[in-house]
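Engineer: If you read the sequence shown in numbering that gives the first Met the number 0, its first letter stands for residue 0, the second for the next number, and so on.
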Amino acid sequence: MSEAPAVLPTASAERAPGIDLLLRPPRPRAGWRLLPARVGAMCTVELQKLRHDRTELYTRAIQPALWLLIFGQTFTRIRAIPTGGIPYIDYMAPGIIAQSAMFIAIFYGIQIIWERDAGILNKLLVTPTPRSALITGKAFAAGVKSLIQALVVVIIAALLGVALTWNPLKLLGVGAVVILGSVFFSCLSMTIAGVVLSRDRLMGIGQAITMPLFFGSNALYPVSVMPGWLQVVSKVNPLSYEVDALRGLLIGTHSHVALDFGVLLVAAALGITAASSLLGRLAR
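#1: In the structure shown, what three-state DSSP assignment does Ala86 receive?
#2: Please report how far the alpha carbon of Glu197 lies from the alpha carbon of Met189, in whole angstroms.
#3: Taking the Cβ atom as the reference point for each residue, do Ser145 and Ala104 lie within a distance shorter than 9 Å?
#4: Here's the rule I'm using: 16 or more other beta-carbon atoms within 10 Å means buried, otherwise exposed. How should Met210 be labelled?
#5: What are the start and end residues of each continuous alpha helix (DSSP H) run of 4 or more residues lying completely inside the region 93-134, in chain order?
#6: Return the chain-ordered list of same chain residues with a C-beta closer than 7 Å to the C-beta of Tyr220, the five sequence neighbours on each side being excluded.
#7: Work out the CA separation of Asn121 and Thr128 for me, nearest whole Å.
#8: By the three-class DSSP mapping on this structure, what secondary structure does Trp66 have?
#9: Just curious, the alpha helix (DSSP H) that Gly215 is in, first and last residue?
#10: Select from Gly215, Asp116, Pro93 the residue whose C-alpha is nearest the C-alpha of Trp228.
#11: Of all the alpha helix (DSSP H) runs that stay within the bounds of the region 147-209, which reach a length of 4 or more residues?
#12: Go through its chain and collect everything with a Cβ distance to Ser254's Cβ below 7 Å, but skip five positions before and after it.
#13: My guess is that Ala267 and Val182 are in contact by the Cβ rule of under 8 Å, so how many angstroms apart are they, rounded?
#14: Could you pull the start and end residues of the alpha helix (DSSP H) that Ala268 belongs to?
#15: Can you give me the start and stop residues for the alpha helix (DSSP H) that Ser239 sits inside?
#16: Would you check if there are 3 or more beta carbon pairs closer than 8 Å linking the region 67-84 to the region 104-117?
#17: Mapping the DSSP letters down to three states, classify Thr252 as helix, strand or coil.
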C-alpha cells in the first residue's frame with residue numbers, strides 16, 4: 000500500500016510569531032491607556048528642545064544664585080527677619096527653589112502663542128489627541144524643566160552651607176512638589192494666553208503678577224510678620240503651599256505637607272481644566 004499523503008501545514012502554522020503585525024496594524028491604544036500615552040508623547044516633544052538649546056537653564060540659574068549669595072547671606076548677618084532660630088539663608092533656600100520654578104513656568108503661555116502663530120497648534124488640534132493631553136504634556140514638561148532648575152539651586156545652596164536633607168524619600172517629595180507647582184503656574188500662563196491671545200499682553204501680565212505672587216507668599220518671611228491683608232493673600236496663594244512643603248521636606252521645619260500636596264493637586268487639576276477649555280479659543 001502506498002503511504003498516506005502528508006498533511007500540508009496550515010497557513011497559520013507557517014506564520015512566524017510576529018507575522019500578524021505585518022499583516023494587520025497594531026490596535027491603537029484606547030480607554031485609560033490613551034491619555035497617559037499622549038501626555039507622555041507631548042512631554043517628550045517639549046523636552047527635546049532642551050537638547051538643542053540649554054541656554055535657558057544656564058541663564059535662569061543666575062537669578063536664584065544672586066538671591067542666595069547677596070540677599071540670603073546679608074539678611075543672615077543682620078538677623079532682621081525672625082525664623083525661629085534657623086539661619087535665614089536656610090529658611091530662604093526653599094523659597095528661592097519655588098521662585099525659580101515659578102519663573103520658568105509662568106511664561107510658558109508665550110510658547111503656546113508662538114506655536115499658534117507658527118501654525119503648529121492648529122496641526123496638533125486636528126490630531127486625535129485630547130486637548131487636556133496637550134495641555135498636561137506641556138505642563139509636565141514645564142515641571143521637568145523646573146525640576147532641573149531646582150536641582151541647580153539645591154547644589155548652590157549646599158555649596159553655601161545650607162543644611163538640607165539628603166533623605167531619598169524626602170527628595171522625591173521635593174521633586175513632586177516642584178512639578179505640581181510648575182504644572183499650576185504653567186497652566187495659569189496658558190490660561191491667560193487663551194484670554195489675551197497676544198505675546199506682548201501675556202508678557203506684560205506675566206511680569207505684573209510674578210513679583211506679587213512671590214512677595215505675597217511665605218518665600219522670604221514668615222506669615223506671622225505680614226500685615227493682615229497680606230496674610231489673606233498668602234493663604235490663597237499656591238506658591239505659599241509649595242514653599243511650605245519644600246521647607247518642611249528640605250530643612251525639617253514644622254509644615255503641613257499633606258495639606259500642601261492636596262492644595263497643589265487641586266490647583267494643578269483646576270489649571271489643566273481651565274487651560275484646556277481655552278485652547279480652542281487660542282487656535283481661532
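Think of the CB as a built atom: it goes at the ideal place given N, C-alpha and C, for glycine as much as any other residue.
Structural biologist: Based on what the coordinates show:
#1: Mapped onto the sequence shown, residue 86 falls at position 87. A small fix is needed here, since residue 86 is Pro in this sequence, not Ala. Under the three-state reduction of DSSP, Pro86 is assigned to coil, being neither helix nor strand.
#2: In the sequence shown, residue 197 corresponds to position 198, counting from 1. In the sequence shown, residue 189 corresponds to position 190, counting from 1. Note that residue 197 is Ser in the sequence shown here, rather than Glu. Approximately 11 Å, taken between the alpha carbons.
#3: As a working mapping, residue 145 is identified with position 146 in the sequence shown. As a working mapping, residue 104 is identified with position 105 in the sequence shown. In this structure, Ala104 lies closer than 9 Å to Ser145 by Cβ.
#4: In the sequence shown, residue 210 corresponds to position 211, counting from 1. Under the 10 Å beta carbon count, Met210 is surrounded by fewer than 16 other beta carbons and is classified as exposed.
#5: Segments of the alpha helix (DSSP H) lying fully in the region 93-134: 107-116, 119-124.
#6: Here residue 220 refers to the residue found at position 221 when the sequence shown is read from its first residue. Close CB contacts of Tyr220 within its chain, under the 7 Å cut and outside five residues either way in sequence, are with Ile80 (chain order).
#7: On the sequence shown, position 129 is the one that residue 128 refers to. On the sequence shown, position 122 is the one that residue 121 refers to. Between the C-alpha atoms of Thr128 and Asn121 there is a straight-line separation of about 12 Å.
#8: As a working note, residue 66 is residue 67 in the sequence shown. Assigned with DSSP and collapsed to three states, Trp66 falls in helix.
#9: Locating residue 215 in the sequence shown gives position 216, counting from the first residue. Careful: Gly215 lies outside any alpha helix (DSSP H) and carries neither H nor E.
#10: For this step, residue 228 is matched to residue 229 along the sequence shown. Minimum Cα distance to Trp228 is reached at Gly215.
#11: You should have 167-195.
#12: In the sequence shown, residue 254 corresponds to position 255, counting from 1. The answer, listed in chain order, is Asp243, Ala244, Arg246, Gly247.
#13: Within the sequence shown, the letter at position 268 stands for residue 267. Within the sequence shown, the letter at position 183 stands for residue 182. Contact holds; Cβ gap of about 4 Å.
#14: Indexing the sequence shown from 1 puts residue 268 at position 269. Residues 256-282.
#15: Counting from 1 along the sequence shown, the entry for residue 239 is found at position 240. Where Ser239 is concerned, the enclosing alpha helix (DSSP H) stretches over 237-249.
#16: The answer is no - the region 104-117 does not touch the region 67-84, with fewer than three Cβ pairs under 8 Å.
#17: Mapped onto the sequence shown, residue 252 falls at position 253. Looking at Thr252 - three-state DSSP - the assignment turns out to be coil, as it is neither helix nor strand.
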